[in-house]
Amino acid sequence: MDDFPKIDAGQTFLFADDVEFHISASDGEEAERLLTPYMEKIQRWSRKWRIKFSATKSSLINFTRQRKQQMDPILTTEIVIEKARGLKNLFKILAQSKHGPSIESLRTLYIALMRGKIEYGLIVYGASSKTRQLKLEKIQNSILRTTLAAPITTPIKEMQCELALDPIETRRLTLAGPGHIVSAGLDLSQEVPIHFQRMEPPWRPQQIELRYFPMSKMEALSNSAAAKALFHELVSNLNSARMSYTDGSAQKDTGKTTYGIYIPSLDLEETGTMRKGTSIFTAETHAILRAMEITHSHHDWTEELAIFTDSKSVVIAENLKSSGTKTTIYWVPSHVGIPSNERTHQLAATEYPQISSPPKKFATCSQQESKKLSYGST
């Protein structure tokens, strides 16, 4: 320790493993200017000898002759607590008197005499310790119990409701609220512009939103891994929507057309066989209609429905109407390894007993109209 650095502008004292040094300065800036070079010397010395100082045992003490701004002694929490305890005894005497005042009179006396003393400086009590704040709360609760002559097992909230008195913490926040508004510079009289949004009447059916997969079918077939990743990203943005997968298929050997529906959130799978001669377009459209019917008739309300189909012709047709639920139809390419889409394709390829007839809206579609609507690839 013989080579421990000495301070030029002050004195340094060493005792065993303790170090004390002090300087004299006119203000804090001068003290910082004098101490900073000396602290750097001590740092270099500690690195040289591999000595580490304990930060928890180090302290900085400032001695000054300047008189600091004195706080109002009445705002001291301990003084308020002692005064409140003295007045608490007064309520005990009044409540236990044989011909004492009524409960309403004691409540009025508490508001007029006691609460004003407790709430004096209550706004600044938020910076005090929780223990002192609880002392004031306990004094008020004791006065409430004395006023009502309630047993010790009576809940505090019931006594507060009976006398219509708030807890001390609630009163502090209520009184401090206007101060926060002023300190924040808020102008409560300022007019806030209101932007009116045009909303469709509830009796008007919502238009179905149509979207397409960002990749073409050829790109998806050539890079199925990228198509799967892009599809999972699309699904991750539809957390609030109920997803439904639909597909239609034509059996070349039997000449029949089938459809399939898969709704994972309902754990529901449906497949059916259309009447002979029905086009794939009609089967795809019927599957979408059935998915909407199943969703709308389910006991759980569906705010948003997302239907995935691999038929572009159905998406382009745009001849469906929503039934109060926000509905979006997505075109996704087929046979690229999307699990839910592949499962729907398997359902659509399964032949089941023929349904009675497709909806009239699609059954009356002529061959010429079918050619006109089916120019999109499937």
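The sequence shown begins at 2 in the working numbering and counts up one residue at a time. Idealized CB from N, CA, C, for every residue including glycine.
Problem - For Glu-285 and Ser-314, the rounded distance between their alpha carbons - result: When the Cα atoms are used, Ser-314 and Glu-285 turn out to be separated by approximately 9 Å.
Handout entry: Coil, strand or helix - Tyr-39 by DSSP
Key = DSSP places Tyr-39 in helix when its eight states are reduced to three.
Problem - At least 3 beta-carbon pairs within less than 8 Å: the region 264-283 vs the region 237-246 - result: The region 264-283 vs the region 237-246: in contact.
Problem - First and last residue of the uninterrupted beta strand (DSSP E) at Gln-134 - result: Gln-134 -> not in any beta strand (DSSP E); alpha helix (DSSP H) instead, spanning 131-149.
Exercise for the section: Would you kindly report the start and end of the unbroken beta strand (DSSP E) that includes Thr-259? Expected result: In the DSSP assignment, Thr-259 falls within the beta strand (DSSP E) that extends over 258-264.
Handout entry: Coil, strand or helix - Ala-251 by DSSP
Key = Looking at Ala-251 - three-state DSSP - the assignment turns out to be strand.
Handout entry: DSSP state of Ile-112 mapped onto helix, strand, coil
Key = DSSP, read as helix, strand or coil, puts Ile-112 in helix.
Practice task
Just confirm the distance between the C-beta atoms of Ile-330 and Thr-310, as a whole number of angstroms; I'd bet it's less than 8 Å.
Solution key: About 7 Å; that satisfies the 8 Å criterion.
Problem - Contacts around Ala-96, its chain only, beta-carbon distance under 7 Å, and the 5 residues preceding and following it disregarded - result: Excluding residues within five positions, the ones whose Cβ falls inside 7 Å are Leu-107, Thr-147, Thr-148, Ala-150.
Handout entry: Buried versus exposed, by CB contacts within 10 Å (16 or more), Thr-258
Key = Per the 10 Å Cβ criterion, buried.
Problem - Exposure label - Cys-232; buried when at least 16 CB within 10 Å - result: The sequence shown places Phe at residue 232, not Cys. Answer is buried; the Cβ neighbour count reaches 16.
Problem - Which of helix, strand or coil DSSP assigns to Leu-164 - result: Helix, per DSSP.
Exercise for the section: To the nearest angstrom, report how far apart Ala-228 and Lys-131 are at their CA atoms. Expected result: If you take the alpha carbons of Ala-228 and Lys-131, they lie about 59 Å apart.
Handout entry: Secondary structure of Ser-367, DSSP reduced to three states
Key = A caution first: Ser-367 carries a pLDDT of 33, below 50, which makes its placement in the model too unreliable to give a value.
Exercise for the section: Look at the alpha carbon of Arg-48 and the alpha carbon of Asp-19, and state the distance between them as a whole number of angstroms. Expected result: Here the alpha carbons of Asp-19 and Arg-48 stand approximately 17 Å from one another.
Handout entry: Proximity below 8 Å, CB of Ala-251 to CB of Ile-289
Key = No. Outside cutoff.
Problem - Start and end residues, beta strand (DSSP E) containing Ala-307 - result: Looking at the DSSP string, the run of the beta strand (DSSP E) that includes Ala-307 is 305-310.
Handout entry: Boundaries of the beta strand (DSSP E) in which His-23 is found, first to last residue
Key = Boundaries of the beta strand (DSSP E) around His-23: 19-24.
Practice task
Return helix, strand or coil for Leu-15, following the three-state DSSP convention.
Solution key: Strand at Leu-15.
Exercise for the section: Going by DSSP, name the residue or residues bridged to Met-244. Expected result: Bridge pairing for Met-244: Ala-307 [DSSP].
Practice task
Could you check what DSSP says for Leu-211 in three-state terms: helix, strand or coil?
Solution key: Taken through DSSP and simplified to helix, strand or coil, Leu-211 comes out as strand.
Problem - Cα-Cα separation between Ala-26 and Ile-52, rounded to whole angstroms - result: The alpha-carbon atoms of Ala-26 and Ile-52 are separated by roughly 29 Å.
Handout entry: For Glu-271, the residue or residues it bridges with in DSSP
Key = The partner list for Glu-271 (beta bridge, DSSP) reads Ile-262.
Exercise for the section: Determine the DSSP secondary structure at Trp-332, reduced to helix, strand or coil. Expected result: If DSSP states are grouped into helix, strand and coil, Trp-332 belongs with the strands.
Practice task
Go ahead and pull the three-state DSSP assignment for Leu-239.
Solution key: Coil, per DSSP.
Handout entry: Which of helix, strand or coil DSSP assigns to Leu-176
Key = The answer is helix: DSSP assigns Leu-176 an H, G or I state.
Handout entry: Nearest to Ser-225 (by Cα), restricted to the options Glu-343, Ser-55, Gln-134, Gly-87
Key = Among Glu-343, Ser-55, Gln-134, Gly-87, the Cα nearest to that of Ser-225 belongs to Glu-343.
Practice task
Express the C-alpha separation of Thr-78 and Ser-98 in angstroms, rounding to a whole number.
Solution key: Going by the C-alpha atoms only, they are around 31 Å apart.
Practice task
Compute the Euclidean distance between the alpha carbons of His-102 and Gln-161, then round it to the nearest angstrom.
Solution key: For the record, residue 102 in the displayed sequence is Pro; it is not His. Between Pro-102 and Gln-161, the alpha-carbon positions lie close to 19 Å from each other.
Handout entry: Whether Leu-88 touches Leu-114 by CB criterion (8 Å)
Key = Yes; because the gap between Cβ atoms is below 8 Å, this pair is in contact.
Handout entry: Burial state of Thr-154 (16 or more Cβ within 10 Å)
Key = The C-beta of Thr-154 has fewer than 16 other C-beta atoms within 10 Å across all chains shown, which makes the residue exposed.
Practice task
Identify whether Leu-88 lies in helix, strand or coil by the three-state DSSP scheme.
Solution key: Under the three-state reduction of DSSP, Leu-88 is assigned to helix.
Exercise for the section: Can you say whether Gly-256 is buried or exposed, counting buried as having 16 or more other CB atoms within 10 angstroms of its CB? Expected result: Looking at its Cβ environment, which holds fewer than 16 other Cβ atoms inside 10 Å, Gly-256 is exposed.
Handout entry: Candidates His-299, Glu-220, Arg-34, Glu-21: closest to Phe-54 by CA position
Key = Relative to the Cα of Phe-54, the nearest Cα in the group His-299, Glu-220, Arg-34, Glu-21 belongs to Glu-21.
Practice task
Apply the 10 Å Cβ neighbour rule to Pro-334 and answer buried if 16 or more other Cβ atoms are within range, or exposed otherwise.
Solution key: Flag for Pro-334 reads buried.
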